[in-house]
Amino acid sequence: MISPKTPHDPSPPRKLRAFKNVIKPKTTKKESSHSEDGEETVYQDAMEEINNSPAFNPAEFLSRVQTGPESSGFSDKIIAALQETGAIFIHPKSVLKSQATRKTAGNLAKSHPYMSRKVDLDFLEAHEDLQRVLDLKDSADDKEMMERREHIDQRQNQLNELEITKQNMRVAWVTARHVQRVRVVDAIPPPPFPEDSFFEERDDCGAIEFKWGRWIGYKLLTNSHNFTAQYVDDFEELPFDFDTLRRHLERLIVVSAPLQTFLSQVRSIYRWEDPARTGRWMALYIFLWYFEHIMTFFYGYIIYATVMNYFYPTSVEELRKAIERSINRSSTAFKVGELMDKHGADNWLGPLLDELGPFIQVQVADLANLLECVSNFLHWSDPYITICSLCLFGALFLLTAFADSRFTMKVFWFIVGNIFFVCWPISSLYPRYRLLVSPFKWALWDVPTHAEWAFKYLQERAGSARQAIISKFEDAEHVCEESPRNFPNTNNGDDAGESAEEILKLQRDMDILSFDCTYLNNPGSFIISFSGVRFESQVSKIHHSYQRFDKSFNDLLEMSKQQKRSSILSPLSTVTAGTDKLELIFRSKEGGAGMQAMSEKECAEVVLLENMRGRDKAFNAVVGFSGLRWQCLQRKPDRAKNTET
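Just so we're aligned: 362 in the UniProt record's numbering is position 362 of the sequence shown, and the numbers increase by one with no gaps anywhere.
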């Protein structure tokens, strides 16, 4: 959303316009040059991406996807609501069941908008067009060769644009549906190392005993803080929230699609649907079992599949098969006889969720994160991190291939024992640090989840846009230095020096986006610049004692989305104007003293912006232009309750 004073102007507000006024008289003679036209195009493309790209403005894009061109009007919604109200009085039980079914199905249907059928078909059609042009035989006619090369370039550019579109849609889906709260990783202070008296306890006989295990744990946390802070939660025990669990299940369903395909292939093998294929796998298994190299094959297959996926991506072929086939998936029912006997056939689910909800929620979230990391590992989302993980698997491959099989099994069971007696107790007693003792996380260390990949993508695109904007005005500044006579006041060097300093300051603090909102019941604008964020009240010119803030990105600690929905009007409209809130937590002047103090908002300044239009766009813009390292966190319990009120 742009500043209210310039609703259709894609340029940044206020300081950017002031900067244009400074350089305007100096660039009059240069406006017709071709280089300036090219730079203007780059600048306009950058601003167009910031304002209209799904990655930076997911709310508008997702609303278009969900409503569609043939969505019903307001009168149709009122009629449907009245019909539904009448049906509740006639068949209340069946209506409630159908509502729950439709809500679940609708949420799952909206959980993956970037994989829409139209985009997939366009992507496949572009690939087929490019393949047809590449399959044409070379001609001796130079004109035909030039036309063929032009066609190839056009098809490749079209494919690149479609790939960027799919990535933008993926970022929009991840950040809009599954990123509600983030924290700046580099701003998390290391836990303070306690005094020696903290580790001393008296035993039953009254003697002082030094707890070396606790001392080692604090020492490891303090020394490894720089590269482990991103995997430390801010909750000792994650509170259970049904909406959060549902979102984790959505992530699990989406990211487990390749795993479902793999399990379907495994099922076809052990059912002997293709006897020749099953026979080959059986012969390979007998060979590996006889020479005791099953684990060697496992690690080698991981390396082979990852490397082959880099040189020969199979995404296009998999996409084509996915569209052509239709897989029927069956579900397995669990036995809950004891709960049914105790609470009844209709009331057993509530007690089950109360008892197992927190545990299931954590496990589902960790499993979804793990599968997302595996997917990004196989698709080389971060080539450097993927190579590092491949080195680990390569070492395991060499160990299992050339070491004695008995020694290999000893190493394997040694690892299993340490996981059972060391890692699992720590993850159970201290859930905040469970990822630090997870063997799967060790193998895929720093491999991004979908949310972390989205953060990196936003920062890359924001960096490109920032460079394009600054380059446009750096050239204008160069023209200013070459034409000092265009200024009316150039009698001394102080004015020129002050002008240069002003230009540099404007470049550093240039405003990018502006959003209407209220802060402490004061209407105004939330403005994002290259260096930070601030709030400017609309009544500042009338009253001098107004509320405002001006913070640097380096002072930002945490950011979260909040929304209060009306249970009465929500069936009638999908618009959330006036209900979206953005909470920002900044570092106070005193500073914090540990992660626990930060999680309790001690020694921190909390800012709540209400009635914000374009809240998701502002959230993504802060993530992108801040350049900070972010950690995706679960919403806090009070926030989760307020969401459904």
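Backbone N, C-alpha and C fix where the C-beta goes; we use that ideal spot for every residue, glycine too.
Under three-state DSSP, which class holds residue i?
i           : result
L520        : coil
K636        : coil
S525        : strand
G532        : strand
I512        : strand
F193        : coil
K143        : helix
Q538        : coil
R202        : strand
R271        : coil
residue 665 : Any question about residue 665 goes unanswered here, given that the chain covers just 1 to 645.
W173        : helix
W442        : helix
W380        : coil
Which residues in the same chain as residue i place their Cβ atom closer than 7 Å to its Cβ, once the five residues preceding and following it in sequence are excluded?
i    : result
D580 : Q563, M612, R615
F397 : T296, Y299, G300, I303
L608 : K581, E583
F414 : none
Enumerate in chain order the residues of its own chain whose CB-to-CB distance from residue i is below 6 Å, with the five nearest sequence positions on each side excluded.
i    : result
F297 : L288
K636 : none
R629 : V185, D186
S573 : Unreliable positioning characterises S573 in this predicted model, as indicated by a pLDDT of 41, which lies under 50. The coordinate reading is nonetheless provided below. The answer is none, since no qualifying residue turns up.
Q230 : V185, Q631
R246 : none
T386 : F377, W380
Beta carbon of residue i, beta carbon of residue j: below 8 Å?
i    : j    : result
T222 : P194 : no
R251 : L124 : no
V255 : S438 : no
Y310 : T400 : no
A403 : V174 : no
A462 : G624 : yes
A465 : F526 : no
D234 : R183 : yes
V232 : Y457 : no
V133 : R155 : yes
M559 : V622 : yes
How long is the line joining the alpha carbons of residue i and residue j, rounded to whole angstroms?
i           : j    : result
L633        : R177 : 13 Å
L370        : S268 : 26 Å
L284        : A46  : 54 Å
F56         : I50  : 6 Å
D76         : P58  : Confidence at D76 is low in this model, with a pLDDT of 49, below 50, so its placement is unreliable and no value can be given for it.
residue 654 : E163 : The question about residue 654 has no answer here: the residues shown for the chain are numbered 1 through 645.
Q363        : L130 : 44 Å
L429        : E583 : 31 Å
L513        : Y519 : 17 Å
R587        : D550 : 12 Å
V241        : L249 : Sequence inspection shows Asp at residue 241; the Val mentioned does not correspond to that position. Cα to Cα, D241 sits roughly 12 Å from L249.
Q265        : L556 : 48 Å
E144        : H151 : 10 Å
A368        : P431 : 17 Å
Q44         : Q180 : 30 Å
T449        : A207 : 49 Å
T165        : E460 : 15 Å
A454        : S53  : 14 Å
E60         : S537 : 26 Å
Y384        : I188 : 25 Å
I528        : H127 : 39 Å
For residue i, collect the residues of the same chain with a Cβ closer than 8 Å to its Cβ; drop the 5 residues on either side in sequence, then sort them by chain order.
i    : result
K211 : F199, E200, E201
S389 : F377, A443, L444, W445, V447
M146 : none
What residue range is occupied by the uninterrupted beta strand (DSSP E) comprising residue i?
i    : result
L584 : 580-587
R432 : Element bounds for R432: n/a, residue is neither H nor E.
D404 : From DSSP, D404 is part of no beta strand (DSSP E); its letter is neither H nor E.
L609 : 604-610
R181 : 181-184
L557 : 556-563
From which residue to which residue does the alpha helix (DSSP H) around residue i run?
i    : result
D550 : Where D550 is concerned, there is no enclosing alpha helix (DSSP H), although the beta strand (DSSP E) it sits in stretches over 549-552.
F287 : 275-290
I419 : Element bounds for I419: n/a, residue is neither H nor E.
F619 : 615-626
V307 : 294-311
L249 : 242-255
T228 : 225-228
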